[in-house]
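Q:
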Amino acid sequence: MTAPKILPILRYPDPRLHTVAKPVGAIDQRIRSLIDDMLLTMYDANGIGLAATQVNVHERLVIIDVSEERDAPLVLINPEITWASPEKQKAEEGCLSVPEIYDGVERSVAVKVTALDANGTTQQIEAEGLLAVCIQHELDHLLGKVFVEYLSPLKRNRIKTKLAKVARDDKR
Ligand code: GNR
Ligand code: NI
């Protein structure tokens, strides 16, 4: 076993962010070490969630930690939303793949999810508030969807232009 590594995060509009993830087959050493790398990457970036898609691995795996203390990681393998409340609410979202952009997205107020944990045990999660928002945001990533796709084409184009400029500045 080697020490976990910080992984590079794909940035919008990278086309690889639109890849649809396949189910995780076996929770083997490769997946366990990917989970450790993703946790380190998420905590290093001060994120509350990270989908495997964002680190260019196209398998159904997300990690989430919405705790203040940053000590309550959730690992969701092959997650599926089994129920989403018809009641929706608009809340401000950000994304590690869309740095420094924040905008309102309407999502279900509450969701129920079934997923495997890192041990392969089935877990049922009932979420509301920030956790519900984050789960829906992360599961969208696994479907190749980034939150800016909920915004108007005008806003999305402004974001693309701004991020292209940031990417150019980063190369200097
Ligand atoms: O760190 C993150 N914060 C956040 C804030 C509001 C709604 C969703 C998120 S998820 C984001 C991390 C990320 O990009 N996960 O995919
Ligand atoms: Ni995101």
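Note that this note's numbering numbers the sequence shown so that position 114 is 407, with each residue one more than the last. The beta carbon of each residue, even a glycine, is placed where N, CA and C say it ideally should be.
1. Could you check whether the segment 338-346 touches the segment 428-436, counting it as contact only if at least three pairs of C-beta atoms, one from each stretch, sit closer than 8 Å?
2. Could you have a look at Gly422 and say whether DSSP puts it in helix, strand or coil?
3. Restricting to runs no shorter than 3 residues, where is the beta strand (DSSP E) found entirely within the segment 340-385?
4. Taking the alpha-carbon positions, what's the Glu380 to Arg400 distance?
5. Quick one, which of Ala296, Arg304 and Val406 has its alpha-carbon nearest Leu456's?
6. Given the structure, does Leu389 come close to ligand 2, in the sense that its CB is under 7 Å from one of the ligand's heavy atoms?
7. Checking the sheet assignment: what are the DSSP bridge partners for Ser401?
8. Less than 8 Å between the beta carbons of Pro306 and Lys453, yes or no?
9. I need the straight-line Cα distance from Val350 to Ala314, nearest angstrom please.
10. Pick from Pro366, Pro446 and Ser390: whose alpha carbon is nearest that of Ala411?
11. Give me whichever residues DSSP pairs with Lys315 in a beta bridge.
12. Taking the C-alpha atoms as reference points, what is the distance between Gly413 and Leu447?
A: To lay it out plainly:
1. Segment contact: the segment 338-346 against the segment 428-436, three or more CB-CB distances shorter than 8 Å; contact assigned.
2. For the purposes of this step, residue 422 is taken as the residue at position 129 of the sequence shown. In the structure shown, Gly422 sits in a helix (DSSP, three-state: H, G or I).
3. 342-344, 354-357 and 367-377
4. Position 87 of the sequence shown, counted from the start, is the residue given in the question as residue 380. Position 107 of the sequence shown, counted from the start, is the residue given in the question as residue 400. Taking the straight line from one Cα to the other gives about 8 Å.
5. On the sequence shown, position 163 is the one that residue 456 refers to. Of the listed residues, the one whose Cα sits closest to Leu456 is Arg304.
6. The residue given as residue 389 occupies position 96 in the sequence shown. Closer than 7 Å to some heavy atom of ligand 2: that describes the Cβ of Leu389.
7. Residue 401 sits at position 108 when you count from the first residue of the sequence shown. Paired residue(s): Lys381.
8. Counting from 1 along the sequence shown, the entry for residue 306 is found at position 13. Counting from 1 along the sequence shown, the entry for residue 453 is found at position 160. Yes, these two residues count as a Cβ contact at 8 Å.
9. In the sequence shown, the residue the question calls residue 350 occupies position 57. In the sequence shown, the residue the question calls residue 314 occupies position 21. Approximately 8 Å, taken between the alpha carbons.
10. Working through the sequence shown from its first residue, we reach residue 411 at position 118. Minimum Cα-Cα distance from Ala411 among the listed residues Pro366, Pro446 and Ser390 corresponds to Pro366.
11. Position 22 of the sequence shown holds residue 315. Glu352, per the DSSP bridge assignment.
12. Position 120 of the sequence shown, counting from 1, holds the residue named residue 413. Position 154 of the sequence shown, counting from 1, holds the residue named residue 447. Distance between the alpha carbons of Gly413 and Leu447: 43 Å.
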